[in-house]
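If you count by the working numbering, then the sequence shown holds residues 7 to 357, one letter each, in order. No residue lacks a Cβ here, since even glycine has one placed at the ideal position from N, Cα and C. Note that the structure is predicted; figures quoted are calculated from it, not measured. Worksheet: the structure to be examined is printed underneath.
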Amino acid sequence: MVSFDVKSLFTSIPVNLAFTITKDRLQRDQNLAERSYLSVDNILKLSDFVLNHNYFKYDGDHYKQIFGCAMGSPISPVLADLVMEEIEETAISTFPRTLPNDTITSRRGTEIQVDVYRKPTHTDRYLDFFSCHPLCHKRSVVNTLMRRANNIPSTNKGRREEMHRVKAVLRDNNYPLSFLHNCERALTTQPAENNFNGFVVLPYVQSVSEKIGRILNQHKVKVAYKPQQTINSLFPRPKELDDSDRQKSGNVYKISCTQCNFVHYGQTQRSLKTRIVEHKKAVASFDQNSKVAGHVHLFGHRMNFENVEVVGFESNYHERLFLEAWHSTLDPNSGNDHILLPEVYKGIARA
Ligand SMILES: [Zn+2]
Numbered sequence: 007m008v009s010f011d012v013k014s015l016f017t018s019i020p021v022n023l024a025f026t027i028t029k030d031r032l033q034r035d036q037n038l039a040e041r042s043y044l045s046v047d048n049i050l051k052l053s054d055f056v057l058n059h060n061y062f063k064y065d066g067d068h069y070k071q072i073f074g075c076a077m078g079s080p081i082s083p084v085l086a087d088l089v090m091e092e093i094e095e096t097a098i099s100t101f102p103r104t105l106p107n108d109t110i111t112s113r114r115g116t117e118i119q120v121d122v123y124r125k126p127t128h129t130d131r132y133l134d135f136f137s138c139h140p141l142c143h144k145r146s147v148v149n150t151l152m153r154r155a156n157n158i159p160s161t162n163k164g165r166r167e168e169m170h171r172v173k174a175v176l177r178d179n180n181y182p183l184s185f186l187h188n189c190e191r192a193l194t195t196q197p198a199e200n201n202f203n204g205f206v207v208l209p210y211v212q213s214v215s216e217k218i219g220r221i222l223n224q225h226k227v228k229v230a231y232k233p234q235q236t237i238n239s240l241f242p243r244p245k246e247l248d249d250s251d252r253q254k255s256g257n258v259y260k261i262s263c264t265q266c267n268f269v270h271y272g273q274t275q276r277s278l279k280t281r282i283v284e285h286k287k288a289v290a291s292f293d294q295n296s297k298v299a300g301h302v303h304l305f306g307h308r309m310n311f312e313n314v315e316v317v318g319f320e321s322n323y324h325e326r327l328f329l330e331a332w333h334s335t336l337d338p339n340s341g342n343d344h345i346l347l348p349e350v351y352k353g354i355a356r357a
């Protein structure tokens, strides 16, 4: 039995091979000029730079990746595809079928049988039917699995078994039977002719975006939906964070007066330490523009610079300004300037 799954695909792709294949493909591409303003030479220079400058941090030390494509780099899947295609074309050209990833073959006598392969660690967990995603995303989960069940297994029995398994797994992920049947039926019918006038991407808000999408569809505008909050946005950095990184990631902070209720909210992209030093300097130099310095000198009070409270982390400047305004609006003792909170939030802030 032979498995054609590639172990650690990205990090096993030799960068030089990937580069050679890319160069070859680009040079053979007749229509490149229509799709890109960049010349082959420029694309290669940029790819070379991206491929050979991958750094990561482990246990406090910085390392340079010297082999393979980087995990998480947007260029890696493209290069992995190109390299795999090339390997398939050259090495498996004697084999009667093209074998995509996720394939397993076994020999029955003189026959070679092909089936869908799942890693031992595969959990059968797919996008849940009840999760807040556009219906078309759920439909494409079903379509992908069903198409694979139809196309990969080389025997009728294999196709039947795979389809049976796919349906059972999707049922476990809460897909209704009727939905599966509809998808299965749609797979065998020809897709409708697509002549759209435009294309828009809408942020997905359940039950609102789909209505807007339907109206746009009537005007022949193709619509794609983008989920607003993804796992990736919740955990954007798989790399190790230390305290200094955290301080750099953008803070919204609160400085309190030691002698009265006065508080000052502020925000900074830089480290909190640097910003607090600036506040102290402003106090020492009687800075007219500083509200903190103003309070200290007007009342002769002392600000508690030793215990500055971080009330929010946010790397986006505008969202930081919003958080600063939000906390300042909620806190009747705040004495700092901030942006005006949009009207819609005021009701919540007062509640
Ligand atoms: Zn005070």
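Those residues which DSSP pairs with residue i across a bridge
| i | result |
| --- | --- |
| residue 230 | 207 |
| residue 68 | 63 |
| residue 324 | Beta-bridge pairing links residue 324 to no other residue. |
| residue 109 | 122 |
| residue 261 | 270 |
| residue 340 | 269 |
Limits of the unbroken alpha helix (DSSP H) element including residue i
| i | result |
| --- | --- |
| residue 178 | 162-178 |
| residue 279 | 278-290 |
| residue 33 | 21-34 |
| residue 125 | Segment: none, residue 125 is in no alpha helix (DSSP H) and carries neither H nor E. |
| residue 274 | Where residue 274 is concerned, there is no enclosing alpha helix (DSSP H), although the beta strand (DSSP E) it sits in stretches over 269-274. |
| residue 224 | 215-224 |
| residue 187 | 183-194 |
| residue 147 | 141-157 |
| residue 312 | Element bounds for residue 312: n/a, residue is neither H nor E. |
| residue 41 | 38-41 |
| residue 96 | 81-97 |
| residue 236 | Careful: residue 236 lies outside any alpha helix (DSSP H) and carries neither H nor E. |
| residue 53 | 46-57 |
| residue 16 | 15-18 |
| residue 305 | 297-305 |
Where the beta strand (DSSP E) through residue i begins and ends
| i | result |
| --- | --- |
| residue 62 | 61-64 |
| residue 117 | 117-122 |
| residue 315 | 315-319 |
Of the listed residues the options, nearest to residue i (C-alpha basis)
| i | options | result |
| --- | --- | --- |
| residue 222 | 139, 207, 212 | 207 |
| residue 14 | 94, 77, 23 | 77 |
| residue 274 | 256, 343, 345, 331 | 256 |
| residue 59 | 269, 232, 21 | 21 |
| residue 72 | 229, 226, 38, 54 | 54 |
| residue 315 | 263, 321, 324, 291 | 263 |
| residue 80 | 94, 189, 56 | 56 |
| residue 135 | 145, 127, 129, 126 | 145 |
| residue 230 | 216, 240, 237 | 216 |
| residue 330 | 270, 349, 296 | 270 |
| residue 224 | 277, 24, 240, 201 | 201 |
| residue 346 | 339, 338, 306, 334 | 334 |
| residue 353 | 343, 322, 332, 234 | 332 |
| residue 31 | 299, 293, 92, 281 | 92 |
| residue 341 | 75, 149, 302 | 302 |
| residue 213 | 36, 162, 140, 323 | 140 |
| residue 350 | 328, 67, 86, 189 | 328 |
| residue 283 | 311, 306, 131, 177 | 311 |
Contact test: residue i Cβ vs ligand 1 heavy atom, cutoff 6 Å
| i | result |
| --- | --- |
| residue 263 | yes |
| residue 311 | no |
| residue 303 | no |
| residue 135 | no |
| residue 307 | yes |
Residue i CB to nearest heavy atom of ligand 2 below 6 Å
| i | result |
| --- | --- |
| residue 268 | What this structure holds is ligand 1, not ligand 2. |
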